[in-house]
Each structure stands twice: as C-alpha cells, then as structure tokens.
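Chains as they are written, first to last, in my numbering: chain A, 1 to 189; chain B, 1001 to 1143.
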C-alpha cells in the first residue's frame, strides 16, 4: 500500500537530475556563445578627478595637473603610450577632435621622452598638454586598466564618460555629443 | 658552467620584459618593503587583488607592467600606514568588485553566504526524516 503513495514522488526524483543537467547545459551553452567582454570599466565615472600634477612628457607641451580641468570647459583626457599600437590608430580621430575645437589632454604611460617625441612626429600631436605618468599613478587613480582610454571631463573636473580602446571614426560624433552633454552638466552644477 | 647557464637563462627571461618596459618600473613593483611586517601585510592584500590586465592572476602573481605599478601603489600605501582593507575599498571604487578576489558582502552576494546555511538546513531535514524512518524499522513498526 505504501507503493501507491510513493510512486509519483519517485518519478519526480528520477527526472530531477535530468532537469538540473538540462538547466546547467543551457547555462553553459549560453556562456560559451556569448562573446567575451574583457574590458574592465572604470567605476570612478561621476567622481571628480583625483589631485595630480604630472611633469611634462614632451619638450614642446606643458605637464598636466588637475587644475587644467577646472576651467569651465569640458575636455578629453586621453591615456596613451608610444608603445601602444591602437594609440597610433586613434591618432587621426584625436586630430579630428582637436580640429573641431576640443581640448585634448594626454597622459603618457611608461614612456621615454625620445620614444614619445618619435610617436608624436609620426602620428601628429593633438594634445594641449601631456603629463608623464611613469608609475601609472594617475591611470590607477581614475580606474583605467589599459591604453588607450579616453575620458570626458566636464568643466568642473568631474569624470563624465569613459571610452575604452581606440577611438574609431564613428566614435568621434559620439564623443562630441558626450562633451556637449558634459558642458550642460558642468554648467548646471 | 652553471653560472654561465644561469646568466644565459636570465638574459632570455629578461629580454621580453625589457622590450615592454623601457622606463624603469615603479619603485616597489619588484622590491619588497624593508619592514617584514609591512611586507607581509602588503603580500596578503596583493594575493587577493586581481590584475586588470591578465585577468586570471592576482597582482602578486602577474608580470604585466600594470600589475607591477599596482603592487608599488599597494606597498607605498602600506608603508604610509594605510589599512589594507581601506586600500581594497579605494581600488574597488575605481575598478569595481572585479578587482578583488575576496567576495564583498553586498545584496548581490547574499546567495554565496546563504547557500551553505540553506544546504545544511536541508540536509538536516532530510536526515531527520531518514533517522525517524530507521527508528520505526528498528522497533519493528511498519510504515
């Protein structure tokens, strides 16, 4: 008589492992099919730039300090290096942004002055100032995990947007839009 | 002979590093703190921080240049007397929870901490049922 009551429960127990297997299988397939995103976005966006005062990295450009970002006008902060290949690829786009009247400030990571001078001679120099960050102090302090990265900083020195990787041609209008957005935000606060 | 071999090996190993890092590394990237207590503290923290470049390694393990700079940052702060957990929070504010291998207690991590308790409770319930049935069989009762 106990058989009658236990049978349906046993049947459920029989199918449960298969159901769990099916669920896990679906989960793993989903994980494998999804393209990997290895970017580590900065969680520091929305915060004011930390205090820093970097020495000049190039002979014909001044160094870079936090005070340069508190002039009321939004700027781009470009983290780059002469040894970084995508940094050369984004040079025309940075030049186009500078041409459009954007102030582009550079932070050169682990760069010797002679290497940087060669890089700027080959790829153009869109920077208003270039700070030399040999110990990645500024890079780590703003949550940047690689080169190149570009940040939109509003007129009060608050980080408004982070772009990871090189700037492609179709990123230029997007960044100009973010700068405009930052201008209205910076004026409001 | 042995010394020559070692020297040759060192050259082979050192060349790729030199190619990527022509600027000398940050002061405490590859150098321990002089105070062993402080170094132990820094080391304990560094093994639980993830390198944001080689993402499956801690900054203590990784040879990526940025990991070296992060080690130097951590050691400099420890030497200045900063609390290790404060440094962890400072990095989390910049790179998110991603940067720490030690899970943080947050709303999203509650299953992680609750799961062992729930599983133990379920096991206790299950065992109680089994033991009860066993007792009945021992005393000759039929279900």
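Cβ atoms here follow ideal geometry from the backbone N, Cα and C, with glycine treated the same way.
For clarity, every value in this text was computed on a predicted model and none was experimentally measured.
- Taken in chain order, the members of the stretch 37-56 of chain A whose beta-carbon sits within less than 7 Å of a beta-carbon on chain B are 38, 40, 42, 43, 44.
- In the three-state reduction of the DSSP assignment, residue 67 (chain A) falls in the helix class.
- By the rule that beta-carbons nearer than 7 Å mark a contact, residue 1063 (chain B) does not touch chain A.
- Each residue's CA atom was taken as its position, placing residue 1119 (chain B) and residue 1059 (chain B) some 34 Å apart.
- Contacts with chain B at 7 Å (Cβ-Cβ) include residue 110 (chain A).
- Going by beta carbons, residue 152 (chain A) and residue 48 (chain A) fall outside the 7 Å limit.
- Closer than 7 Å to the CB of residue 136 (chain A) there is at least one CB belonging to chain B.
- Judged by beta-carbon spacing, residue 51 (chain A) lies beyond the 7 Å limit of residue 71 (chain A), meaning their Cβ atoms are not closer than that value.
- Here DSSP, grouped into helix, strand and coil, assigns residue 160 (chain A) to strand.
- Interface annotation for the stretch 1043-1075 of chain B against chain A: 1052, 1053, 1055, 1065, 1066, 1069, 1070, 1072, 1073, criterion Cβ-Cβ distance under 8 Å.
- Taking a C-beta cut-off of 8 Å against chain B, the contacting residues of the stretch 123-153 of chain A are 134, 135, 136, 137, 139, 140, 141, 142, 143, 145, 146, listed in chain order.
- Contacts with chain A at 7 Å (Cβ-Cβ) include residue 1022 (chain B).
- The three-state secondary structure of residue 1119 (chain B), taken from DSSP, is helix.
- In this structure residue 57 (chain A) touches residue 130 (chain A) by the C-beta definition: roughly 4 Å separates them, less than 8 Å.
- Beta-bridge analysis with DSSP links residue 53 (chain A) to A:65.
- Listed as beta-bridge partners of residue 145 (chain A) by DSSP are no residues whatsoever.
- Per DSSP, the beta-bridge partners of residue 133 (chain A) are A:109.
- A direct Cα-to-Cα measurement between residue 46 (chain A) and residue 1126 (chain B) gives close to 51 Å.
- A Cβ-Cβ contact shorter than 7 Å links residue 61 (chain A) with residue 127 (chain A).
- Below the 7 Å Cβ cutoff, chain B contributes no neighbours of residue 103 (chain A), its closest Cβ being approximately 24 Å away.
- Taking the beta carbon of residue 1040 (chain B) as reference, no residue of chain A falls within 8 Å; the closest one sits roughly 23 Å away.
- Here residue 40 (chain A) really is in contact with residue 1052 (chain B); their C-beta atoms are around 5 Å apart, less than 8 Å.
- Between residue 1084 (chain B) and residue 1044 (chain B) a beta carbon distance of about 7 Å is seen, short of the 8 Å cut, so the two are scored as contacting.
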